[in-house]
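Participant: Quick one: this structure, given as structure tokens, is what I'll be asking you about.
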Amino acid sequence: MDTAKLILKGHEYEFPLIEGSEHELAIDFTKLRAQTGAISFDPGYGNTGSCMSEITYIDGEKGILRYRGYPIEQLAERSSFVEVCYLLVNNKLPTAEELASFQQKLTYHTLLHEDMKKFFESYPPSAHPMAIMSATAISLSAYYPELLDPEIIDLNIVRLLAKFKTIAAYAYKRSIGQAYVYPRNDLGYTEDFLHMMFAVPTEDYVVPEVLTRALDLLLILHADHEQNCSTSTVRMVGSSQANMFASVAAGVSALWGPLHGGANQAVIEMLQMIHKDGGDYQKYMNMAKDKDSGFRLMGFGHRVYKNFDPRAQILKKAADEVLSELGINDPLLEIAKNLEAIALADSYFVERKLYPNVDFYSGIIYRAMGIPTDMFTVMFALGRLPGWIAQWKEMRNDAATRINRPRQIYTGATVRDYVPVKER
Ligand code: ACO
């Protein structure tokens with residue numbers, strides 16, 4: 266009962282099963298090639314478990330998401346982003362003292378080396394902030410070389426968490442040509458970030474509490490999502506024992522794509538297009554269903570969630586609350602809700618189990634907060650950072666980690682003789 270049998274070309278092979286703490290089942294194929302000579306073929310890795318992890322549990326059928334066992338709904342309602350960072354990285358909820366000390370460390374490491382300001386100046390103002398985020402994240406490894414000492418690794422984790430938001434805010438200031446605003450030690454993590462984004466040296470600026478609350482919620486909801494594309498990239502790069510800054514910089518690049526974190530920007534651009542087009546939903550629904558159109562309903566569908574994305578449900582409610590508190594009436598929210606209602610009643614989307622994902626409503630909240638579209642994916646990266654770090658740390662400490670190196674099925678030319686150019 267605890268093995269799987271495979272019959273391959275008349276021979277029978279047996280493979281052990283692995284069961285997770287939530288009874289997820291896997292066939293252990295680590296010896297598949299050694300025993301059978303064959304490899305498993307799974308493009309996109311939809312059926313492949315790449316590691317064992319204690320960090321995040323998702324049940325896509327039931328719409329469950331838990332960080333270290335704690336339901337996302339409870340964390341969203343009662344926790345803070347800094348506490349979630351601690352939980353993900355340290356595998357426990359902090360005591361009041363531990364939380365205060367962690368918060369203090371995150372506060373005292375926010376400054377960037379003054380020389381690093383030159384990086385931002387060397388980019389054209391039109392540069393996408395994700396390019397700057399990725400490049401600056403890896404540049405941190407030049408300032409804080411990684412030593413094998415676990416204490417230094419822990420310090421670098423704090424440095425990265427603390428400095429990433431300063432980098433994000435500086436990238437924004439650079440893009441609009443405004444003076445950088447230094448971090449402030451009297452502000453909490455999220456409030457300080459918003460202050461660096463929106464304050465100007467000529468006047469006092471107090472971050473409205475509604476903005477701090479909304480962003481904290483968004484960051485919590487994005488904090489980890491097990492082996493998604495960017496996290497797998499972080500683990501892939503880290504598996505070669507590349508340092509944490511390099512691994513996370515690669516994760517930032519992977520996140521940028523419109524099929525992953527870049528979808529939040531793509532959703533708003535799509536909603537704006539529909540709005541400009543007079544709100545002709547049916548036209549866009551038809552395009553989304555037509556494979557030749559190259560158009561997809563952005564913010565819809567997910568590799569894992571096949572019923573609902575619990576983060577999208579929380580955000581739909583939050584979008585209503587934040588917009589009403591800010592007194593904003595955004596026609597894009599109406600368009601999004603109508604599009605969702607039409608899609609959920611359409612057999613194409615129902616049959617394929619395509620539901621709104623986290624990116625569908627997040628952009629509307631960012632927009633209401635005054636965050637420009639180009640920065641949406643940076644917000645995602647800021648939220649996902651503790652997850653990347655926790656996953657990198659887990660991989661690094663796991664004795665079973667091997668360098669990630671998939672195989673392939675070669676379909677090119679078979680052996681042939683080289684012909685010199687003049688004879689071709
Ligand atoms: N609009 C229209 N059709 C879709 C969509 C969509 N958004 N998403 C999937 N489909 C269709 C596919 O064409 C395919 O149809 P078929 O079976 O007739 O060929 C079927 O649904 C399955 O889609 P796949 O692309 O095979 O699903 P996969 O798991 O590989 O992709 C993904 C998941 C990338 C999220 C996809 O649904 C998508 O492109 N969504 C839009 C982009 C998006 O919102 N990305 C954010 C994801 S969440 C995140 O990263 C934070």
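Under this note's numbering, think of the first position of the sequence shown as 266, with each following residue one higher. All C-beta atoms, glycine included, are put in the ideal place defined by N, C-alpha and C.
For serine 366, which residues from the same chain have a beta carbon less than 8 angstroms from its beta carbon, with the 5 sequence-adjacent residues on both sides left out?
Facilitator: Within the same chain, serine 366 has no close Cβ partners at all.
Participant: Locate the beta strand (DSSP E) running through phenylalanine 280, then write down its first and last residues.
Facilitator: Residues 276-284.
Participant: Alpha carbon to alpha carbon, how far is alanine 646 from aspartate 324? Give it in angstroms, no decimals.
Facilitator: Each residue's alpha carbon lies about 23 angstroms from the other.
Participant: Buried or exposed: alanine 664, going by 16 or more other Cβ atoms within 10 Å of its Cβ?
Facilitator: With fewer than 16 Cβ atoms within 10 Å of its Cβ, alanine 664 is classed as exposed.
Participant: Quick check for students: name the residue ranges of the alpha helix (DSSP H) that lie wholly in the segment 468-494, counting only runs of 4 or more.
Facilitator: Within the segment 468-494, the complete alpha helix (DSSP H) runs of at least 4 residues are 474-487.
Participant: Considering Cα atoms alone, identify which of Met501, Ala341, Arg632 is closest to arginine 667.
Facilitator: Among Met501, Ala341, Arg632, the Cα nearest to that of arginine 667 belongs to Met501.
Participant: When burial is assigned at 16 or more other CB atoms within 10 Å of the CB, is glycine 628 buried or exposed?
Facilitator: Under this definition glycine 628 is a buried residue.
Participant: Where DSSP assigns a beta bridge to threonine 321, which residues make up the other side?
Facilitator: DSSP output for threonine 321 lists Tyr332 as bridge partner(s).
Participant: For the beta strand (DSSP E) that contains alanine 392, what are its first and last residues?
Facilitator: First-last for alanine 392: undefined, no H or E at that position.
Participant: Please report how far the alpha carbon of threonine 375 lies from the alpha carbon of isoleucine 418, in whole angstroms.
Facilitator: Each residue's alpha carbon lies about 17 angstroms from the other.
Participant: Alpha carbon to alpha carbon, what distance is there between valine 513 and valine 499?
Facilitator: Distance between the alpha carbons of valine 499 and valine 513 is about 6 angstroms.
Participant: By the three-class DSSP mapping on this structure, what secondary structure does proline 621 have?
Facilitator: Strand at proline 621.
Participant: Can you check whether the CB of alanine 464 is closer than 8 angstroms to the CB of tyrosine 470?
Facilitator: Going by C-beta atoms, tyrosine 470 is nearer than 8 angstroms to alanine 464.
Participant: Within 10 Å of its beta-carbon, does lysine 428 have 16 or more other beta-carbons around it, so buried, or fewer, so exposed?
Facilitator: By the neighbour-count rule (16 or more Cβ atoms within 10 Å), lysine 428 is buried.
Participant: For asparagine 450, count neighbouring C-beta atoms within 10 Å of its own C-beta (all shown protein chains included) and say buried if the count is 16 or more, exposed if not.
Facilitator: Under this definition asparagine 450 is an exposed residue.
Participant: Relative to the C-alpha of serine 318, which residue among Gln656, Ala678, Ile337 is closest?
Facilitator: Minimum Cα distance to serine 318 is reached at Gln656.
Participant: Secondary structure at threonine 268, three-state DSSP: helix, strand or coil?
Facilitator: Correct three-state label for threonine 268: strand.
Participant: State yes or no: is the C-beta of tyrosine 631 within less than 8 angstroms of the C-beta of phenylalanine 641?
Facilitator: The answer is yes: Cβ separation under 8 angstroms.
Participant: Should the segment 558-566 be called in touch with the segment 530-539, which here means at least 3 C-beta pairs below 8 angstroms?
Facilitator: With the cut-off at 8 angstroms, the segment 558-566 and the segment 530-539 touch.
Participant: Between the alpha carbons of asparagine 508 and threonine 477, how many angstroms are there, rounded?
Facilitator: Going by the C-alpha atoms only, they are around 32 angstroms apart.
Participant: Under 8 angstroms, do proline 621 and glutamate 338 count as touching if we go by C-beta distance?
Facilitator: No, Cβ-Cβ distance for proline 621 and glutamate 338 is not below 8 angstroms.
Participant: Considering only residues of the same chain and omitting the five flanking positions on each side of phenylalanine 560, which have a CB-CB separation below 8 angstroms?
Facilitator: For phenylalanine 560, where only same-chain residues beyond five positions count, the Cβ hits under 8 angstroms are Tyr549, Met552, Ala553.
Participant: Below 8 angstroms, how does it come out for the segment 511-530 and the segment 391-410: are there three or more Cβ pairs, yes or no?
Facilitator: Judged by Cβ distances under 8 angstroms, the segment 511-530 makes contact with the segment 391-410, as three or more pairs qualify.
Participant: May I ask you to check if the CB of valine 623 is nearer than 7 angstroms to at least one heavy atom of the ligand ACO?
Facilitator: Correct: valine 623 has its Cβ closer than 7 angstroms to the ligand ACO.
Participant: Can you tell me whether leucine 290 is buried or exposed? The criterion is at least 16 other CB atoms within 10 Å of its CB, across all chains shown.
Facilitator: With fewer than 16 Cβ atoms within 10 Å of its Cβ, leucine 290 is classed as exposed.
Participant: When burial is assigned at 16 or more other CB atoms within 10 Å of the CB, is lysine 582 buried or exposed?
Facilitator: So lysine 582 ends up on the exposed side.
Participant: Exposed or buried, which one is aspartate 624 when buried takes at least 16 other CB atoms within 10 Å?
Facilitator: Flag for aspartate 624 reads buried.
Participant: Are there 16 or more other CB atoms within 10 angstroms of the CB of leucine 425, so buried, or fewer, so exposed?
Facilitator: Under this definition leucine 425 is a buried residue.
Participant: Can you tell me whether arginine 343 sits near the ligand ACO, meaning its C-beta is under 7 angstroms from at least one heavy atom of the ligand?
Facilitator: Checking every heavy atom of the ligand ACO against the Cβ of arginine 343, none is found closer than 7 angstroms.
Participant: Where do the ends of the alpha helix (DSSP H) carrying isoleucine 593 lie?
Facilitator: Note, isoleucine 593: premise wrong, no alpha helix (DSSP H); not H, not E.
Participant: Under 7 angstroms Cβ to Cβ from histidine 393, same chain only, skipping five residues before and after it: list those, please.
Facilitator: Only Asp639 meet the Cβ criterion.
Participant: Helix, strand or coil: which one does DSSP assign to alanine 361?
Facilitator: Helix at alanine 361.
Participant: I'd like to check one pair, aspartate 481 with threonine 321: are the Cβ atoms closer than 8 angstroms?
Facilitator: Against a cut-off of 8 angstroms, the Cβ pair of aspartate 481 and threonine 321 comes out as no contact.
Participant: DSSP puts alanine 291 in a beta bridge; with which residues?
Facilitator: Partner(s): Ile283.
Participant: I'd like the span of the alpha helix (DSSP H) that includes histidine 540, first residue to last.
Facilitator: Its alpha helix (DSSP H) spans residues 528-541.
Participant: Are the CB atoms of tyrosine 546 and leucine 604 nearer to each other than 8 angstroms?
Facilitator: Yes.
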